[in-house]
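> Position 23 (the sequence shown) corresponds to 22 in numbering that gives the first Met the number 0; numbering is contiguous. Each residue gets a CB set at the ideal place from its N, CA and C atoms; glycine is no exception. A quick note: this is a predicted structure, and the numbers were derived from the prediction, not measured. The structure that follows is given in the form of structure tokens.
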Amino acid sequence: MYLKSILLFYLSILTPLTILVIFSDSLSTKLFTILMLIYGLVYHPLMCAIRLLQMGKISNKDFFKNFIPFWNKKYFDTLFLGVSA
């Protein structure tokens, strides 16, 4: 997946969330909570790590640091605004 494009990045992180919200009425509360946790703790950091790797902002050894909460806060402008420093 090529996530250097900001549009593709937003599409890849917002599509599953949108689908989850659309089908939230038909899901049990427990399942919805589990899926939201999977999205927030696994999927979103994974997509951010892939984008930062493809942009050359982090090395392979820093890939799993993205799963540490708020570790990639210093890359916010690069990830979500497309600003390259």
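#1: Compare the C-alpha of Leu51 against each of Thr17, Leu19, Thr77 and name the closest.
#2: For a test of the three-state rule: what should DSSP assign to Pro68, helix, strand or coil?
#3: If you compare alpha carbons, which of Val20, Asn65, Leu30 is closest to Leu40?
#4: What separation, rounded to the nearest whole angstrom, lies between the Cα atoms of Ile33 and Phe79?
#5: Roughly how far, in whole angstroms, is the beta-carbon of Ile49 from the beta-carbon of Leu2, given that I think they are within contact range, below 8 Å?
#6: Indicate whether Gly81 and Ile5 have their beta-carbon atoms separated by less than 8 Å.
#7: By the DSSP assignment, the alpha helix (DSSP H) with Ser11 in it spans what residues?
Reading off the structure:
#1: By one-based count along the sequence shown, residue 51 stands at place 52. Closest by alpha carbon: Thr77.
#2: Looking up residue 68 in the sequence shown gives position 69. DSSP places Pro68 in the coil class of the three-state scheme, outside both helix and strand.
#3: Translated into the one-based positions of the sequence shown, residue 40 becomes position 41. If we check each option's Cα against that of Leu40, Asn65 comes out closest.
#4: Position 34 of the sequence shown, counting from 1, holds the residue named residue 33. Position 80 of the sequence shown, counting from 1, holds the residue named residue 79. Cα to Cα, the separation comes out at about 25 Å.
#5: One-based indexing of the sequence shown puts residue 49 at position 50. One-based indexing of the sequence shown puts residue 2 at position 3. With a Cβ gap of about 5 Å, Ile49 and Leu2 count as contacting.
#6: Your numbering for residue 81 matches position 82 in the sequence shown. Your numbering for residue 5 matches position 6 in the sequence shown. Result yes, Cβ atoms of Gly81 and Ile5 sit closer than 8 Å.
#7: By 1-based counting over the sequence shown, the position of residue 11 is 12. Run containing Ser11: 5-21, per the alpha helix (DSSP H) assignment.
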